[in-house]
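In this note's numbering, the protein residues as written are 15 to 216. Glycine residues also receive a C-beta, built at the ideal position from the N, C-alpha and C atoms. Computed from a prediction, not measured in an experiment: that's the story for all the values here. Below is one structure, written out as structure tokens, with a few remarks after it.
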Amino acid sequence: MSKKPTDDLEDFDMKSSDDIENNSLDEETSDLTDDIEVDAVATLQEQLNQKDAQISELESEILRVKADTQNYKKRLDKEKSDMRKYGSERVFKELLTIQDNFERALSVSNVTVETLREGVEMIQKELAKLLDKENVTALTAVGKAFDPTIHEVLSQVESNEHDENTVIQEHIKGYLLHDRILRPAQVIIAKAPAKSEDEESA
Numbered sequence: 015m016s017k018k019p020t021d022d023l024e025d026f027d028m029k030s031s032d033d034i035e036n037n038s039l040d041e042e043t044s045d046l047t048d049d050i051e052v053d054a055v056a057t058l059q060e061q062l063n064q065k066d067a068q069i070s071e072l073e074s075e076i077l078r079v080k081a082d083t084q085n086y087k088k089r090l091d092k093e094k095s096d097m098r099k100y101g102s103e104r105v106f107k108e109l110l111t112i113q114d115n116f117e118r119a120l121s122v123s124n125v126t127v128e129t130l131r132e133g134v135e136m137i138q139k140e141l142a143k144l145l146d147k148e149n150v151t152a153l154t155a156v157g158k159a160f161d162p163t164i165h166e167v168l169s170q171v172e173s174n175e176h177d178e179n180t181v182i183q184e185h186i187k188g189y190l191l192h193d194r195i196l197r198p199a200q201v202i203i204a205k206a207p208a209k210s211e212d213e214e215s216a
């Protein structure tokens, strides 16, 4: 049975209609894909901007912390420097009072030995009071066993009365500042007498 011309026309119309629908669907799909990609790019860009902002904020915070640390270090260095320079200020103020007393004592004319002694004793008491206030204490050396951490030996003397290495004389008194040696005592210590020729031959 042969085809009629109208049949070919109908087939063409149907194909054309299908093509149009498919093309329209492809265009819609393409547009939808483009929209999704644009949204994705926009989202990523926004996230990137947020990260950039966070990084900038962290960098600023690091710079602030660094600046604060440098300022703190400078302040500590200045305080240490001031402590070295002026740490003894209070002690020296009190020493100046003692210096004033010496000057007053020396300025007096016609001083007798007795009044001079009284003036020196008064000044010595003031100095002792200051040392005590600053926790400076004198070491007791005589009669003690020699200790190299607090004693400095000037000489050794033979002695039958004392054990060897016993401090028998103090040349200069030693002092402690709190529990630290401020100045060792300069001492003379005993040593065993040399044996006589008779003792060596016995």
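Can you name, in chain order, every residue of its own chain whose Cβ lies under 6 Å from the Cβ of residue i, other than the five neighbours on each side?
i	result
V156	V181, E184
N115	I137
K158	V181
F26	Low confidence applies to F26: its pLDDT is 45, below 50, so where it sits in the model is not reliable enough to give any reading.
Spatial neighbours of residue i within its chain, please: C-beta separation below 8 Å, excluding the five flanking residues on both sides.
i	result
L23	Caution is warranted here: a pLDDT of 46 is assigned to L23, below 50, making its placement in the model unreliable, and no coordinate value can be reported.
D82	none
I5	As displayed, the chain neither begins before 15 nor continues past 216, which places residue 5 out of reach and without an answer.
L168	H185, Q200, V201, I202
L130	A119
For a quick check, are the C-beta atoms of residue i and residue j less than 7 Å apart?
i	j	result
I195	Q170	no
H176	A199	no
K147	E178	no
V150	L191	yes
E108	L141	no
A152	G133	no
Can you list, in chain order, the residues of its chain whose CB lies under 7 Å from that of residue i, leaving out five sequence neighbours each side?
i	result
N174	P207
I186	A199, Q200
S74	none
Opposite residue i in the DSSP bridges: which residues?
i	result
R131	None, per the DSSP bridge assignment.
Q200	E166, I186
K205	E172
The ligand MG and residue i: does the residue's C-beta get closer than 6 Å to at least one heavy atom of that ligand?
i	result
M136	By its list of ligands, the structure shown contains no ligand whatsoever, and the ligand MG lies outside what it can speak to.
Worksheet entry | Every unbroken alpha helix (DSSP H) within the region 38-123, with a cutoff of 4 residues, ordered by chain | 103-121
Complete beta strand (DSSP E) runs within the region 149-198 (minimum length 3 residues, chain order):
Fully enclosed beta strand (DSSP E) runs of 3 or longer: 150-152, 165-172, 181-186, 189-191, 194-197.
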